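Undergrad:
Protein chains: 2
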Amino acid sequence: MSVDCVIFTVRDKKLNVLLAPRPFEPRKGEWSLLGGFVGAQETLDEAAQRVLRELTGLDNIYMEQVGAFGSIDRDPFVRVISVAYCALIQWSEDVEATIENHNGHWADITELPPVCFDHPIIIQRTLANLRGKVLHEPVVFNMLPELFTLTQLQVLIEQILGQPVDKRNFRRRVSENPSIERTELIDKLTSRRGASLYRFNPEALGYSSKFKI
Amino acid sequence: MSVDCVIFTVRDKKLNVLLAPRPFEPRKGEWSLLGGFVGAQETLDEAAQRVLRELTGLDNIYMEQVGAFGSIDRDPFVRVISVAYCALIQWSEDVEATIENHNGHWADITELPPVCFDHPIIIQRTLANLRGKVLHEPVVFNMLPELFTLTQLQVLIEQILGQPVDKRNFRRRVSENPSIERTELIDKLTSRRGASLYRFNPEALGYSSKFKI
DNA sequence: ACAAAAGTGTTTGGTATACACCCATGT
DNA sequence: ACATGGGTGTATACCAAACACTTTTGT
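Quick note, the sequences are listed as chains R and H, same order.
Heads up: the first sequence is residues 11 to 223, going by my numbering.
Heads up: the second sequence is residues 11 to 223, going by my numbering.
Right under this line is the structure:
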């Protein structure tokens, strides 16, 4: 019984997934998702959080279960059932260091290397899952810094959906979403003109109103 | 490692879920979902199909995984992780007999009796799942006979959604859905006037068109 | 001056909703 | 005759999509 984490981040304007060489047999050394076994006193959610923490140093991360995968061919001797979790993290130098200690490598999801077992299927299902909810649930903010520009947000959503998004319609929808608040701050790093920085404030969602981008 | 089946059917115009007294300790005798352990040579999907077959006599049934549930408190001694499956079946006298041999009982989902462990959560999550897709995927036909009237279909959907549906809008949407074909046959059992019988024909969905009701 | 990203409204077509009466038939 | 469920159309409000130019500023 194991958990496998499909860890997404946005890096250099591309959606990436974290892979690592499999640390033991069978298929030792082949690319695989980051996983671990479930302890006897852990819930599945706890196990997933722990695995993520051990391999990235991150804690308190957004994770959601995707499903259980029980293909038989995984290991010829031991039956392994794996529960997949989707994690969204913010890329940073800090994390990068911890990840490298565990031989983790980011792979652009549009050009994945060969991955072992049924992990390609798990990645695809997780991505489909994410695509289905990115516009209806406030999950993307887990991949962005506290303050972000609308272009950053748009590019990220385009990466997840795998298709372009109309800029004006996008910005109108954002402006109608009370939980995405414009701050007085201006980011001058990415453009000459400078772009307003925004913040996600979950409190600002009214009682009945649903999140929507 | 077990699978639990959340088996829905429509009976007497109500959405029902199948429960059975738990056959062994702990909590022997309390209401529970129908479950079983996963064999060493089975996939999860196969295990779910087998459990369903053993307990209802039905084969080749629509089933979909809902997720894995790993709460610890389930059994104080053995760690059990359960993968839940949603099954939609057509109610019939035949099935009823097999079910009774296994002490199965239908429970109206609007007035569930106390159910053991985390099974109430599993039922609610499965139902939420079903609600989310009933209008976008052709799943309801698994709960209806080959030929059905539009009122049957409407009542079923209302039961699943837990709210009424506008009759004229509903019938317009159905008429726009090429996969729901009107036959020449008339059902005279449920009304004096008689109602046209319809059939679901998955082939009739065009290439790009999505199912929608 | 120009390159590079930020920012900004309107029109149009489609889709979802609300709503009430007549029809056919068995009893 | 009447009770029961079957069947039908329109008007309106809302939402989604398409679309192109001006602004700011660092170099």
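Ideal Cβ placement from N, Cα and C applies to all residues, glycine included.
Note that the structure is a prediction, hence the values are computed from the model and not measured.
Using DSSP with H/G/I as helix, E/B as strand and the rest coil, what is S7 (chain H)?
TA: In the structure as shown, chain H starts at 11 and stops at 223, and residue 7 (chain H) therefore has no counterpart that could be examined.
Undergrad: Using C-beta distances below 8 Å, list every residue in its chain close to T159 (chain H), excluding the 5 sequence neighbours before and after it, in chain order.
TA: Along the second sequence, one-based indexing puts residue 159 (chain H) at 149. Taken in chain order, the residues that qualify are D197, T200, A205, S206, L207, Y208.
Undergrad: In chain order, what residues of the same chain lie with their CB nearer than 6 Å to the CB of M73 (chain H), ignoring the 5 residues before and after it?
TA: The residue you call residue 73 (chain H) lines up with position 63 of the second sequence. Result list for M73 (chain H): A58, Y95, A97, in chain order.
Undergrad: Under 7 Å between beta-carbons, which chain H residues line up against T53 (chain R)? List them in chain order, please.
TA: As a position in the first sequence, residue 53 (chain R) is number 43, starting the count at 1. Result: G80, S81, I82.
Undergrad: In chain order, what residues of the segment 21–53 of chain R put their CB closer than 8 Å to some CB of chain H?
TA: V48, A50, Q51, E52, T53
Undergrad: Going residue by residue through the segment 11–75 of chain H, where are the continuous alpha helix (DSSP H) segments of at least 4 residues, counting only ones entirely within it?
TA: 54–66
Undergrad: Tell me which same chain residues have a C-beta within less than 6 Å of the C-beta of V125 (chain R), skipping the five on either side of it?
TA: Here the question's residue 125 (chain R) lines up with position 115 in the first sequence. Result list for V125 (chain R): W41, in chain order.
Undergrad: Taking the C-alpha atoms as reference points, what is the distance between D22 (chain H) and L154 (chain H)?
TA: If you number the second sequence from 1, residue 22 (chain H) lands on position 12. If you number the second sequence from 1, residue 154 (chain H) lands on position 144. Those two C-alpha atoms are separated by around 12 Å.
Undergrad: Give the interface partners of G77 (chain H) over in chain R, defined as CB-CB distance under 8 Å, in chain order.
TA: Here the question's residue 77 (chain H) lines up with position 67 in the second sequence. The answer, in chain order, is Q75, G77, A78.
Undergrad: Specify the secondary structure class of R202 (chain R) as computed by DSSP and reduced to three states.
TA: Working through the first sequence from its first residue, we reach residue 202 (chain R) at position 192. DSSP places R202 (chain R) in coil when its eight states are reduced to three.
Undergrad: Quick one: grab the DSSP three-state call for E194 (chain H).
TA: Position 184 of the second sequence holds residue 194 (chain H). The answer is strand: DSSP assigns E194 (chain H) an E or B state.
Undergrad: Can you pull the DSSP bridge partners for W116 (chain R)?
TA: The sequence position of residue 116 (chain R) within the first sequence is 106, counting from 1. According to DSSP, which records beta bridges pairwise, W116 (chain R) is partnered with R:L28.
Undergrad: Could you name the residues of the same chain whose beta carbon sits closer than 6 Å to that of S92 (chain H), not counting the 5 residues immediately before and after it, in chain order?
TA: If you number the second sequence from 1, residue 92 (chain H) lands on position 82. For S92 (chain H), where only same-chain residues beyond five positions count, the Cβ hits under 6 Å are S12, D14, F79.
Undergrad: Using 8 Å as the limit for Cβ to Cβ distance, is R89 (chain R) near chain H?
TA: To locate residue 89 (chain R), count along the first sequence from 1; it is residue 79. Closer than 8 Å: yes.
Undergrad: Can you tell me whether T120 (chain H) is buried or exposed? The criterion is at least 16 other CB atoms within 10 Å of its CB, across all chains shown.
TA: Taking the first residue of the second sequence as position 1, residue 120 (chain H) is located at position 110. So T120 (chain H) counts as exposed.
Undergrad: To the nearest angstrom, report how far apart H146 (chain H) and P188 (chain H) are at their CA atoms.
TA: Taking the first residue of the second sequence as 1, we reach residue 146 (chain H) at position 136. Taking the first residue of the second sequence as 1, we reach residue 188 (chain H) at position 178. Annotation: H146 (chain H) to P188 (chain H) spans about 14 Å, alpha carbon to alpha carbon.
Undergrad: Does DSSP put L98 (chain R) in a helix, in a strand, or in coil?
TA: What you label residue 98 (chain R) is simply residue 88 of the first sequence in a count that begins at 1. L98 (chain R) falls in the strand class under three-state DSSP.
Undergrad: Measure the alpha-carbon distance for K143 (chain H) versus G172 (chain H) and round it to whole angstroms.
TA: The residue labelled residue 143 (chain H) in the question sits at position 133 within the second sequence. The residue labelled residue 172 (chain H) in the question sits at position 162 within the second sequence. Rounded to the nearest angstrom, the two C-alpha atoms are 14 Å apart.
Undergrad: Between the Cα of L25 (chain R) and the Cα atoms of R:H112, R:Q164, R:F180, R:S219, which residue gives the shortest distance?
TA: Here residue 25 (chain R) refers to the residue found at position 15 when the first sequence is read from its first residue. Cα-wise, what sits closest to L25 (chain R) is R:Q164.
Undergrad: Within this structure, are the beta carbons of Q100 (chain R) and N152 (chain R) separated by less than 8 Å?
TA: Reading the first sequence from its first residue, position 90 is the one you call residue 100 (chain R). Reading the first sequence from its first residue, position 142 is the one you call residue 152 (chain R). Taking a C-beta distance under 8 Å as the contact criterion, Q100 (chain R) and N152 (chain R) qualify as a contact pair.
Undergrad: Grab me the residues of K220 (chain R)'s own chain with a C-beta within less than 8 Å of its C-beta, minus the 5 sequence neighbours each way, in chain order.
TA: In the first sequence, counting from the first residue as 1, residue 220 (chain R) sits at position 210. Cβ neighbours of K220 (chain R) beyond the five flanking positions: H146.
Undergrad: Please go through the same chain and pick out, in chain order, the residues whose beta-carbon is closer than 8 Å to the beta-carbon of R135 (chain H), but skip the five residues on each side of it.
TA: Numbered from 1 along the second sequence, position 125 holds the residue referred to as residue 135 (chain H). Only V76, G77, A94 meet the Cβ criterion.
Undergrad: So, is the C-beta of A11 (chain H) closer than 8 Å to a C-beta in chain R?
TA: Position 1 of the second sequence, counted from the start, is the residue given in the question as residue 11 (chain H). One detail in the question is off: residue 11 (chain H) reads as Met in this sequence, not Ala. Yes - at least one Cβ of chain R is within 8 Å of the one on M11 (chain H).
Undergrad: How would you write the range of the alpha helix (DSSP H) that R182 (chain R) sits in, first residue to last?
TA: To locate residue 182 (chain R), count along the first sequence from 1; it is residue 172. It spans 177–186 - the alpha helix (DSSP H) in which R182 (chain R) sits, taken as one unbroken run.
Undergrad: In the structure shown, what three-state DSSP assignment does G77 (chain H) receive?
TA: Locating residue 77 (chain H) in the second sequence gives position 67, where the first residue counts as 1. It is a strand residue.
Undergrad: List the endpoints of the continuous alpha helix (DSSP H) containing K143 (chain R).
TA: The count along the first sequence starts at 1 and reaches residue 143 (chain R) at position 133. Per DSSP, K143 (chain R) belongs to the alpha helix (DSSP H) from 129–143.
Undergrad: What do you reckon, are the CB atoms on L68 (chain R) and L44 (chain R) nearer than 8 Å?
TA: Position 58 of the first sequence, counting from 1, holds the residue named residue 68 (chain R). Position 34 of the first sequence, counting from 1, holds the residue named residue 44 (chain R). No, these two residues do not count as a Cβ contact at 8 Å.
Undergrad: Are the C-beta atoms of V93 (chain H) and some chain R residue less than 8 Å apart?
TA: Along the second sequence, one-based indexing puts residue 93 (chain H) at 83. Yes - at least one Cβ of chain R is within 8 Å of the one on V93 (chain H).
Undergrad: List the endpoints of the continuous alpha helix (DSSP H) containing Q169 (chain R).
TA: As a first step, residue 169 (chain R) must be located in the first sequence, where it is residue number 159. Under the DSSP assignment, Q169 (chain R) falls in the alpha helix (DSSP H) whose first and last residues are 160–171.
Undergrad: Could you check where the alpha helix (DSSP H) with I82 (chain H) kicks off and where it finishes?
TA: Here the question's residue 82 (chain H) lines up with position 72 in the second sequence. Note, I82 (chain H): premise wrong, no alpha helix (DSSP H); not H, not E.
Undergrad: Can you grab the Cα-Cα spacing for the pair A107 (chain R) / G114 (chain R), in whole Å?
TA: Indexing the first sequence from 1 puts residue 107 (chain R) at position 97. Indexing the first sequence from 1 puts residue 114 (chain R) at position 104. Looking at the two C-alpha atoms, the distance is approximately 10 Å.
Undergrad: For F210 (chain H), which beta-bridge partners are listed by DSSP?
TA: Here residue 210 (chain H) corresponds to residue number 200 of the second sequence, with the count starting at 1. Answer is H:I190, bridged to F210 (chain H).
Undergrad: Closer than 7 Å by C-beta to F210 (chain H): which residues in its own chain qualify, once you throw out the five before and the five after it? Chain order, please.
TA: Position 200 of the second sequence, counted from the start, is the residue given in the question as residue 210 (chain H). Apart from sequence neighbours up to five positions away, the residues of its chain that approach F210 (chain H) with a beta-carbon distance below 7 Å are P148, F151, S189, I190, ordered along the chain.
Undergrad: Looking at R183 (chain R): is its Cβ nearer than 8 Å to the Cβ of K222 (chain R)?
TA: Locating residue 183 (chain R) in the first sequence gives position 173, where the first residue counts as 1. Locating residue 222 (chain R) in the first sequence gives position 212, where the first residue counts as 1. Yes, the Cβ-Cβ distance between R183 (chain R) and K222 (chain R) is below 8 Å.
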